[in-house]
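Residue numbers (the numbering used here): 1050 to 1464.
Every residue gets a Cβ at the ideal spot worked out from N, C-alpha and C, and that includes glycine.
Everything on this sheet refers to the single structure shown next.
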Ligand code: MRU
């Protein structure tokens, strides 16, 4: 029924059953948990066993699909089933506030079942359920094809920014360069390009989506196309999505990569921008406002400032479902504040003297005075002025002659 999803999977779904990879246990343990109710999905999202804007939306809407398959609505009339769907979706909406994908998916599914029952006079309870279940499954399916398109467009966009180099004498080592023949140009000489290196933040890969990923999807695509020299990933304090999840995905896929702490990005650009051809910082998005201001994982704004300072492109990779035309600018985006213990405590597995990780011995340890006051916003907003391009499944959006992003032409109803 579904397109073949390659590689890691955070979400395993078949009609009537939903399993979610517990990301709190990564990278040490690989455990899927059943999600059979909306309460379980809410808890899974709130506690960040699943996270990432697209994955949050997918798990929420599929959990309700599982409930409907099990007849949990106990509807005696179509209106009961529709009321149940609306109530459960409103409940799920409260799980995490910043990412817009969940609210877009919910609005779409409410409209879908409402529209179906009002246009089809013979609509039965089963047909309302089926309409919802098929609609939720389509969101899962579309996310994957969307990510493949983002990966391809992003890789092509970055590749097109590169200047060919004159064949570099003895430095030409196959690992750092690639050569292309310009298409349709008879007799033209091959051109040689340097491969590019990319820095990414947080986790936007298979673990944050149905598969492939957005920003990390572009890195995957660059690697597959042989254009990637090296990927750098930040640790992404305080939740460590970079060190726990992105590093895991990069190693899993054998992509040449290096982990740095968030505070090392400036030094990385100073020292290696030229020698490693660091061409872009690519991040995901939780919500892109109408003017292009983008909410994403805390630390994104700092990286955008650093990229500007060093003349490195700053790219947002986001499906059109993360663009919110109803929010005029970043100041209107609600930013989730999370508990202070995410800064003052950390979980980890014990490591013995030989460096061997003992997964059985995982514990939470204090790493700061437990009495200190803590501010822990989960996201920040990068002003559109610092963003060079937003790569969507419809292609790249860059600023127009007046220096503004304009999304309307790519924003037809998606599902
Ligand atoms: O708090 P998280 O881990 O859900 O935050 C995730 C991010 O900020 C991602 O960059 C964003 O959701 C895009 S995921 C494709």
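Heavy atom of the ligand MRU within 7 Å of residue 1432 beta-carbon:
no
Span of the alpha helix (DSSP H) holding residue 1178?
1174-1209
If we count Cβ pairs, one from each stretch, closer than 8 Å, do we get three or more for the stretch 1240-1253 versus the stretch 1321-1335?
yes
Uninterrupted alpha helix (DSSP H) stretches inside the stretch 1353-1400 (no shorter than 4 residues)
1390-1393
Coil, strand or helix - residue 1450 by DSSP:
coil
Where do the N-terminal and C-terminal ends of the alpha helix (DSSP H) with residue 1240 fall, by residue?
Here residue 1240 belongs to no alpha helix (DSSP H); instead the beta strand (DSSP E) covers 1240-1243.
Three Cβ pairs or more, each shorter than 8 Å: is that satisfied between the stretch 1409-1417 and the stretch 1361-1374?
no
Let's see if you can read the secondary structure: which residues bound the alpha helix (DSSP H) around residue 1317?
1314-1321
Starting from residue 1279, trace the beta strand (DSSP E) in both directions and tell me its first and last residue.
1277-1283
Compute the beta-carbon to beta-carbon distance between residue 1445 and residue 1242, rounded to the nearest angstrom, for a pair I have assumed lies under 8 Å.
At roughly 19 Å, the Cβ-Cβ gap does not stay under 8 Å, so residue 1445 and residue 1242 are not in contact.
Looking at the strands, I want to know which residues DSSP matches up with residue 1215.
According to DSSP, residue 1215 bridges with nothing at all.
Less than 8 Å between the CB atoms is what I'm expecting for residue 1261 and residue 1304, so what's the real figure, rounded?
Actually they do not touch by this definition, with Cβ atoms about 13 Å apart.
Thinking just about the alpha-carbon of each residue, which of 1353, 1184, 1308 is nearest to the one in residue 1285?
1308
Go through its chain and collect everything with a Cβ distance to residue 1074's Cβ below 6 Å, but skip five positions before and after it.
1080
Among 1257, 1266, 1209, 1137, which one has its Cα closest to the Cα of residue 1240?
1209
Please classify residue 1107: does DSSP put it in a helix, a strand, or coil?
helix
Considering just the uninterrupted stretch of the beta strand (DSSP E) at residue 1130, what are its terminal residues?
Taken as a continuous stretch (DSSP letters only), residue 1130 belongs to no beta strand (DSSP E), being part of the alpha helix (DSSP H) at 1127-1142.
Quick one: Cα of residue 1019 to Cα of residue 1319, how far?
Residue coverage of the chain in this structure runs from 1050 to 1464, which leaves residue 1019 outside it and unanswerable.
Secondary structure at residue 1422, three-state DSSP: helix, strand or coil?
coil
Which value, in whole angstroms, describes the spacing of the CA atoms of residue 1435 and residue 1395?
32 Å
Taking just the CA atoms, how far does residue 1125 sit from residue 1077?
47 Å
Hey, out of 1060, 1176, 1348, 1104, whose CA is closest to residue 1257's CA?
1104
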